[in-house]
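Enquirer: Residue numbers (our numbering), protein chains in the order written: chain A, 1 to 674; chain B, 675 to 1020. All residues carry an ideal CB built from backbone N, CA and C; glycine is no exception.
See below:
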């Protein structure tokens, strides 16, 4: 951004750019023009596809063929991104013009626009992932409905598989961005003392592409769905209905968003730390974002390429996955899981980071063995690239690979154990405050213990021969992802909503939500371990009648689990919009940098002067400890005490007090105001 | 108590007197010991016989024993962690009515950290060594080992070869030692080593003979071999365990382990009964290509190119029926050969 020179020369008056006002708010680009762009792009792509490949129609005389579907979806995504304004900058650059640098729009319409304010993008992501989670959750309810009876069916078998596949794919897509999207984008700049993410336009586009991915995957339904599950195994993928194109293009789309988001996080964390923010002072959540972002950036391209091969197989009649023409069905399995196993840690590590961030606040103790915790996350991230063939133990891969992958898979439980070490060490002689976020943290440790231990069963080949592909595996990863990541996420939502919105969520409803969700979750998924061990494969609509009691129990609990989220939704809507209660400035008495400033009313550039970081944020119980940062003068608004981020920032008076020099040599040689 | 962080970073480090920790350690250890002492015998004596998938084959028995060992290794860990969390919640919470205060600033403990890493590493390496031993000892634990298995039963002369063919959405079985007849019934002789050769005609299926402890993916153009030795007569379930299309959920049937003589009678009479059909079936091969256009659902033995590769790998062509040791000669099987070997007991 053009603001760079101003940032460097902030000087005595600080950095206070004027806000932008659009002359014609309704004529400018927003989410409505994005949908118009998507519709136009879809139509154009479909027409081109039919024009060049009408003789490849899937069903005779329907005008439907894979080339048309793929091009329609591709141009639809392109049209959406262009319609939201995501391509303005590069297009102008291509035509040799210097685009005008403008601050993000400040009125309420900013939430429906291409916003380069990381706090706005964080909130957009928050609504996006929760909406996506609810859509995926409805499919889960349908799955459990079908499984209430072993041989009486609510859905036709093809409809059932469409539901299963949509549930899996949507949830996987959602979970990869569940924390990195909303909390990563919102919190990382605040935690490291930065005015913005490194690449604000990439940040904004990553959200809108993420939203496109959801829409693309939902277009599979009118196209006849896809019957491969979220794993999309190849010969079935190649022969599947046109809905399969939506799966492949959808994963490619959302993968692009994941790569951009991860890349942006890495560059931000490495380069945009405030003066004094040494690696040893980085909040543990930022460490988890860094580890996750390396996985996002390095693993997702493999999925992108694998999906592209699949698209080519289905459209251009190549044979990457067709055995009889020189390809191999193992190729997809290997590529998919080479992405897929790092991906499950993309869905686990952020949960570890959130819990590590919240535990010190509610135990009133420093994080135990901070370095071991950060090392654990990176250990998990590194090892996750070496375990993918444990998904293929019985597939007929090179058989002497199996002990190797058994070893790497079991090794990964060592760095995962570090997360338990830091949690248990932090609890030692603590002063635990049983707030709702703390209860979610403790529940995460309980759930992930079960999820992690059952993972060892999966990694052991002789036992895996029985449980591979069964409900045992399904229960295992629901315990790790839903029981781990989602519990940490909801804990963080309760923890950070005062920071996001300035409002407190209702505590009674929050406690009801917690206990309801915790009990219903365990009631739903624990019996499914047994069901799997007793011989029920995944993704079946018929099962042995002897397993009906356990399945019915799981279904009833699943309905209750689904309903528990309504409590959260009601609480959130009620406490934030209907009957808002202003939150105290730092309701949890956290020492974290992000809590020292009222983020919900900070301007889009966060700080007038960058904070000088003095220590790590875990000095609980140390009366003489330095504050986390030198904050005087970083925020004009905080001194003014009113106004809020919605007002034009330039109108606010000068910030309080002159800039004082940082005490000691804390920021010596570490001026990173780039 | 030593500290990981340099002391200058953490002024006012509220060191806890060494003695103050001991009662907690002692209590936690006593509870853990008691819990473990109760749970482990229960697992060994009461739970073990009921662990799936049972004892119908040596592979199933091995998987059952392995699951027991893993559970007995995991239980002390689970007990320790859960007990610790409950203890912490009960003992170390902010008491009502007391003024809120912070806990002691403990930043780390080198001994605890090193001990933790050492113990978890030891458990993990133990699980790995044991799992690998079991995998090799039971000839691949009933899992699909691909076309060139490296862990095979020691003695393969009396082995029965069964080819398992998956197609949407049906399992069929060919018995090459009985003229290569093909049937949707899976009948196996007791006390016999079985080599399952699993292949597919279309998409990926997964042959899961639940009670046999056998699971092997059925890939098109791949001969995926799994071994098991039958121990008990009775019925077992066969399910498809890899999503293969809309009727995946209905792709299951039952198989039976019967006495060797009963099996021999069934096999020879079925061979005779089906011989007119067997004649028009494609010649027995380790894999088949689906028919090019799919019309009529026919299938054909794999191309010559496949046999060229096969010859390169094994020095002999599968076509002549002169097969490597693990691919048992498809030239007759007699019940007298069965039961002569030692059935592994635990």
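Excluding five sequence neighbours on each side, which residues of the same chain lie with their C-beta closer than 6 Å to the C-beta of residue 327/A?
Expert: Excluding residues within five positions, the ones whose Cβ falls inside 6 Å are 319, 320, 321.
Enquirer: On the three-state DSSP scale, how would you describe residue 144/A?
Expert: Three-state DSSP puts residue 144/A in a helix.
Enquirer: Suppose the cutoff is 7 Å on Cβ atoms and the five residues either side in sequence are ignored; what does the same chain contact list for residue 352/A look like?
Expert: The residues are 288, 377, 419.
Enquirer: Return the CA-CA distance between residue 675/A and residue 260/A, expressed in angstroms with no decimal places.
Expert: The structure shown does not extend to residue 675/A, since chain A is modelled only from 1 through 674, so no value can be given for it.
Enquirer: In angstroms, rounded to a whole number, what distance separates the CA positions of residue 293/A and residue 526/A?
Expert: Cα to Cα, residue 293/A sits roughly 31 Å from residue 526/A.
Enquirer: What are the boundary residues of the beta strand (DSSP E) that residue 839/B is part of?
Expert: Looking at the DSSP string, the run of the beta strand (DSSP E) that includes residue 839/B is 834-841.
Enquirer: Within a Cβ cutoff of 8 Å, which residues of the same chain sit near residue 717/B, ignoring the five residues on either side of it in sequence?
Expert: Counting only Cβ-Cβ distances below 8 Å, and skipping sequence neighbours, we find 742, 745, 746, 749.
Enquirer: Between the alpha carbons of residue 789/B and residue 413/A, how many angstroms are there, rounded?
Expert: So the alpha carbons of these two residues sit roughly 15 Å apart.
Enquirer: Taking only three categories from DSSP, how would you classify residue 926/B?
Expert: Reduced to three states, the DSSP call for residue 926/B is strand.
Enquirer: Residue 541/A versus chain B: which residues are under 7 Å apart at the beta carbon?
Expert: Within 7 Å Cβ-Cβ: 923.
Enquirer: So, with DSSP's three-state summary, where would you put residue 856/B?
Expert: Residue 856/B: strand per DSSP, three-state reduction.
Enquirer: Looking at the C-beta of residue 837/B, does it have a partner C-beta in chain A at a distance below 8 Å?
Expert: Not one chain A Cβ lies under 8 Å of residue 837/B.
Enquirer: Identify, in the order they occur along the chain, each residue of the same chain with its Cβ nearer than 6 Å to the Cβ of residue 200/A, setting aside the five sequence neighbours on each side.
Expert: Same-chain partners within the cutoff: 116.
Enquirer: Can you tell me whether DSSP reads residue 165/A as helix, strand or coil?
Expert: Three-state DSSP puts residue 165/A in a helix.
Enquirer: Do the CB positions of residue 369/A and residue 787/B come within less than 8 Å of each other?
Expert: Yes, these two residues count as a Cβ contact at 8 Å.
Enquirer: Do the CB positions of residue 337/A and residue 388/A come within less than 8 Å of each other?
Expert: Result yes, Cβ atoms of residue 337/A and residue 388/A sit closer than 8 Å.
Enquirer: Is the Cβ of residue 871/B closer than 8 Å to any Cβ of chain A?
Expert: No, because no Cβ of chain A sits closer than 8 Å to the Cβ of residue 871/B.
Enquirer: If residue 619/A sits next to residue 779/B, beta carbons under 8 Å apart, how far is it from one beta carbon to the other, in whole angstroms?
Expert: With 8 Å as the limit, residue 619/A and residue 779/B qualify as a contact, their Cβ atoms being about 7 Å apart.
Enquirer: I want to verify the contact list: residues of chain A whose CB lies under 7 Å from the CB of residue 787/B, in sequence order.
Expert: Correct list: 369, 372, 421.
Enquirer: Taking CB distances under 8 Å as the criterion, tell me whether residue 913/B reaches chain A.
Expert: Taking Cβ atoms only, chain A reaches closer than 8 Å to residue 913/B, which makes this a yes.
Enquirer: Is there a C-beta anywhere in chain B that falls below 8 Å from the one on residue 652/A?
Expert: Since pLDDT at residue 652/A reaches only 32, below the 50 mark, its modelled position is unreliable, and the value read off the structure follows with that caveat. No, residue 652/A does not count as interfacial toward chain B.
Enquirer: Taking C-beta to C-beta, are residue 76/A and residue 633/A nearer than 8 Å?
Expert: Not in contact: residue 76/A and residue 633/A (Cβ atoms no closer than 8 Å).
Enquirer: Within 8 Å of any Cβ in chain E, is that where the Cβ of residue 258/A sits?
Expert: In the structure shown, chain E cannot be found, because the protein chains are A and B.
Enquirer: Please classify residue 206/A: is it buried, with 16 or more other beta-carbons within 10 angstroms of its beta-carbon, or exposed?
Expert: Residue 206/A should be labelled buried.
Enquirer: Can you tell me whether residue 844/B is helix, strand or coil according to DSSP?
Expert: Strand, per DSSP.
Enquirer: Name the chain B residues that come within less than 8 Å of residue 453/A, Cβ to Cβ?
Expert: Correct list: 748, 751, 752.
Enquirer: Note down the Cα distance separating residue 189/A from residue 877/B, rounded to an integer number of angstroms.
Expert: Whole-angstrom Cα-Cα distance: 48 Å.
Enquirer: Inspect the CB distances between the stretch 268-287 of chain A and the stretch 226-245 of chain A and report whether three or more fall short of 8 Å.
Expert: Taking 8 Å as the limit for Cβ pairs, the verdict is that the stretch 226-245 of chain A does not touch the stretch 268-287 of chain A.
Enquirer: Below 8 Å between beta carbons: does that hold for residue 892/B and residue 840/B?
Expert: Yes, the Cβ-Cβ distance between residue 892/B and residue 840/B is below 8 Å.
Enquirer: According to a CB-to-CB cut-off of less than 9 Å, which residues of the stretch 384-404 of chain A neighbour chain B?
Expert: Residues 392, 393, 394, 395, 396, 397, 398, 399, 400, 402, 403.
Enquirer: Please report the residue range of the beta strand (DSSP E) in which residue 958/B lies.
Expert: Careful: residue 958/B lies outside any beta strand (DSSP E) and carries neither H nor E.
Enquirer: With DSSP as the reference, label residue 770/B as helix, strand or coil.
Expert: Reduced to three states, the DSSP call for residue 770/B is coil.
Enquirer: At what residue ranges does the stretch 572-600 of chain A contain a whole run of the alpha helix (DSSP H), taking only runs of 4 or more?
Expert: Listed in chain order, there is nothing to give.
Enquirer: Identify, in the order they occur along the chain, each residue of the same chain with its Cβ nearer than 6 Å to the Cβ of residue 250/A, setting aside the five sequence neighbours on each side.
Expert: Hits under 6 Å: 213, 216, 217.
Enquirer: Residues of the stretch 516-534 of chain A with a CB closer than 7 Å to any CB of chain B: list them in chain order, please.
Expert: From the stretch 516-534 of chain A, only 533, 534 have a Cβ closer than 7 Å to chain B.
Enquirer: Identify the contact partners of residue 802/B in chain A, using a Cβ-Cβ distance below 7 Å as the criterion.
Expert: Neighbours of residue 802/B on chain A, chain order: 406, 407, 410.
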